[in-house]
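Single-structure report; data block below.
Residue numbers (the UniProt record's numbering): 1 to 1091.
This is the structure:
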């Protein structure tokens, strides 16, 4: 039976300062949440101002992401669109009342108990009734897509050439030439073939990108059948009870029924609001879009926790409505497409120049002095031939194929690129700024030491001390602080496993401290005796977290307090617990707990001892966390924990009078593969820096373990950077030490001159950084023409991931980080080496494709037309055979070059500078035209005219004869030999291109170092089918009798297959010698001219 639908009508990314070290694992249940009543906008505004926000230019929907454009412009465009559709959406939402009804009425309408969730039967019924939670496919612009298949690339030129050749056949042809008709038909066929290939390539690339999207499923935590389960976003149904935490993307429109004090949501992707809105349970506005008790699909929870009931899914959501209204195709060219366009425009300019020269020569000389030599139809065919000769028709196909193939290869290596432009940018990355926790380290932390007063203990000795000291031991209080001021939760299903194997939901730091507490005694015992009343989660701005408690059972006093405090503690009093960075909290402490469990004054001696312990542990690579508490008498707390003012009150109380319970030292060992990864990236000319929220000494120690800092002695500090006040000249690039450690607060006071010096260091550790400072780091490096890759997985990494040229997220990261990134590493950070390698291979292979296409498909095809017009020689390569070379014999080989494996030295070269290292430069043109093109043209001319010489038609009988047949030669015999000479020229180019194909496979390495077969790391077996295809095409057009009659082609003597093979082998050997010289003398003249 169908359920009645209740009211059936019914990335710019923001962040709140959440610790970048936070983990990504879901908790099985939310921490205790407060039912927040609605408050005035003034109260909400005050609360929001207390939190750090970011310039509106920092984030935007992923489909507006570009490689090098300023974020500000795209964000402004996005907000304008959002404002335009806002009023249209508001009209459709005016009859919704999900935000105005009570929570009880909401549960009644959806027939759901918030504590139990929907039953499996209800879920199945609603899936049938409402369908999957997926947006319906938007209307497709089929006409423009198909139009693009035909006319993008060189389709328009092919069609115009086809029409002109048809015209030269009829009505201009007198009599009509069958060869011109055949040429026109072939051009038309090529026009349709390239359209079909474009369509196939578009489908292929779309399939690859769709498979990448499918590998990043969106999931969320929901309550069903009384248990919390994780389900995929499309399986969410109306009435589902969902749990949200910082970093989550909302899977549907949700009515909030419980929120934490600090819960806030970024809505700018939908509403254009520049600030996150604070979540509430009760409505704050009659407008569905403006009220704070509704979480909208596609937006993000940027801080806090919340619980809600789904009220709309799929197209019924606000996001679904706006998606339809703002459906516009993506425009603009990628960096590599611009490079190709720049090259093509250069070629077209040369082509037009040559055509103009041909027309001028014909109009001013040939038409007057030799009117029978070239008539108008022949002139048209000659001009089309010049156009076809110069334009590399296979290049656009090779470009898209190369990017798609590379993206697919990267996907197989568990590297997901969200767009093809990401692939091309990877090859130019020169700086990688990497987060520490979970990226360079394993994110599997454990406590190695703890300290109380002036004593340091291991977890084992602490347990022994607790047993010997009984309940009076101070270790009991350390255990209690570690358990209570902790957002992690044990998975109940793993309770029977050993402690080190039990699953814990929460960030890695909390997990380590919770295991430490459990090793000293049951955490559940402590949490049953204390009732949490308020929580301020850890964030990278404050560097601490706060929890307050009321006593649930009187016997809990002795577990968390000293004996004297337990006597004075009243049932109505509150216990404030705080955990965070020692350098922030130790100055707020006035007392400490001794090993005997008594409260002692924190004098300078003890404080100094604690700081020495903190510095020693930090220098050994440990994260140091301070645990403290404070008793709050009921008389001092005048506001209720559920009120907004309670947060300000707790922040004030935590500023002084804290009792230092102890320190814990936590180890997060680096991943085993990281040192090798760092070395590989360094060899590739890429500088990799650590950007972390950790203390400087800890960060430096881990950086040394990872190999990011190799300097053994003292490293530089910010004091080594000279200010520009009295400096007129540039600071020299050399620095006393290659390494420097700079803290986040210090970055904000650097001037441009100091940034110039800082950006020259080879090894940098940025410690104690906030999201704003991470963003500043990215922008400063980009301003100095560096191509920046930024890795991260936390909520606070999103702005810098957006701002970087390549944002790299880990597959285990938060939803907001993954959406902000351009690339996702599903396995580990080590995959970034493969990503950089493939990025460079794309650029290399396109260069190889161009070098392969230009000699025969451009240079050698132009000269027969030029000599025909200027010197009166017969056109020794027919226009038809030019088309066959460009569109058939060369095209297949050019495409398979995209499958070339990386050369062994691809990660030994410095990164490409996009503004300097062009896809096509003078070196490449000189090699393709001046060397290869010249050798192939001379050899082909020689073979053709040598054959005519042997056939009784000497070169002197052709030079400046303008078609005059020698008197001693039969005209039919003369024409037959010219047809054979044209076929010989054609075969000569085809065969020599096979050897050119083998030569251009590598830019520096020998064919023996990078063989095309019998080596799995270097082989490209597709080269051989491409060569076979070229041979089949040649035989097909030259040896089929009907084609011979219509196209004036001819069979070729056997020796003219072996002679060009000898010439081609010569080209291969010459190129081997050139490469050997480049390797032997890397700074010699040949190396400077090498493409």
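Note that the Cβ used here is the ideal one computed from N, Cα and C, for glycine as well. Quick caveat, the model's predicted, so the values are computed rather than measured.
For the options 395, 349, 354, the alpha carbon positioned closest to that of residue 340 is the one of 395.
In the structure shown, residue 252 falls within a coil segment according to DSSP collapsed to helix, strand and coil.
In this structure, residue 468 and residue 476 do not form a Cβ contact; the two beta carbons are roughly 12 Å apart against a cut-off of 8 Å. Rounded to whole angstroms, residue 491 and residue 813 show a C-alpha spacing of 20 Å. Classified as buried, residue 993 has 16 or more neighbouring CB atoms from the shown chains inside 10 Å of its CB. Contact between the stretch 669-681 and the stretch 584-600 is absent, with fewer than three C-beta pairs closer than 8 Å. Between residue 574 and the set 524, 543, 654, 582, the nearest pair of CA atoms involves 654. Counted as a single uninterrupted DSSP element, the stretch harbouring residue 680 is not any beta strand (DSSP E) but the alpha helix (DSSP H) occupying residues 674-683. The Cβ-Cβ distance between residue 811 and residue 423 does not fall below 8 Å. According to the DSSP assignment, residue 446 belongs to no alpha helix (DSSP H) but to the beta strand (DSSP E) extending over 446-452. Judged by DSSP in its simplified three-state form, residue 1091 adopts coil rather than helix or strand. The beta carbon of residue 688 lies closer than 7 Å to those of 432, 434, 678, 681, 708 in the same chain, with the five residues before and after it left out. Nearest in C-alpha terms to residue 624, of all of 701, 637, 576, is 701.
In the assembly as shown, residue 973 is an exposed residue. Its beta-carbon has fewer than 16 other beta-carbons within 10 Å. Within the same chain, Cβ atoms closer than 6 Å to the Cβ of residue 361 are found at 869, the five residues on either side in sequence being excluded.
Contact annotation: residue 463 and residue 520 have beta-carbon atoms nearer than 8 Å. By the C-beta density criterion, residue 494 is exposed, having fewer than 16 other C-beta atoms within 10 angstroms.
Under a 10 Å Cβ-count criterion, residue 542 is classified as buried, with 16 or more other Cβ atoms of the shown protein chains found around its own Cβ. In the pairwise beta carbon analysis, the stretch 226-239 is classified as not touching the stretch 278-290: fewer than three pairs are separated by under 8 Å.
Within the same chain, 1018, 1019 come within 8 Å of residue 1011 by CB-CB distance, once the 5 residues on both sides are set aside. With contacts defined as CB atoms closer than 8 Å, residue 821 and residue 853 fail to qualify as a contacting pair. Under the rule that a run must span 4 or more residues, the alpha helix (DSSP H) segments found entirely inside the stretch 400-481 read 420-426, 459-469. The C-alpha of residue 904 lies about 8 Å from the C-alpha of residue 1005.
In this structure, DSSP gives residue 775 a helical state, which the three-state scheme calls helix. Per the DSSP secondary-structure output, residue 823 pairs in a beta bridge with 417, 808.
DSSP places residue 220 within a strand segment (E or B) once states are collapsed to three. The stretch 191-198 makes contact with the stretch 149-160; the number of CB pairs closer than 8 Å reaches 3 or more. Going by DSSP, residue 592 is part of the beta strand (DSSP E) stretching over 589-593. Just so you know, the alpha carbons of residue 364 and residue 1075 end up roughly 47 Å apart. When rounded, the separation of the alpha-carbon atoms in residue 116 and residue 502 is 25 Å. When only Cα atoms are considered, residue 319 and residue 819 end up about 16 Å apart. For residue 518, the enclosing alpha helix (DSSP H) stretches over residues 508-520. In the structure shown, residue 748 adopts coil according to DSSP, grouped into three states.
Taking the Cβ atoms as the reference, residue 664 lies roughly 5 Å from residue 450, within the contact range of under 8 Å. If you check the CB distance, residue 944 and residue 984 come in under 8 Å. Taking a cut-off of 8 Å on C-beta distances, the stretch 401-418 does not touch the stretch 551-570, as fewer than three cross pairs fall below it.
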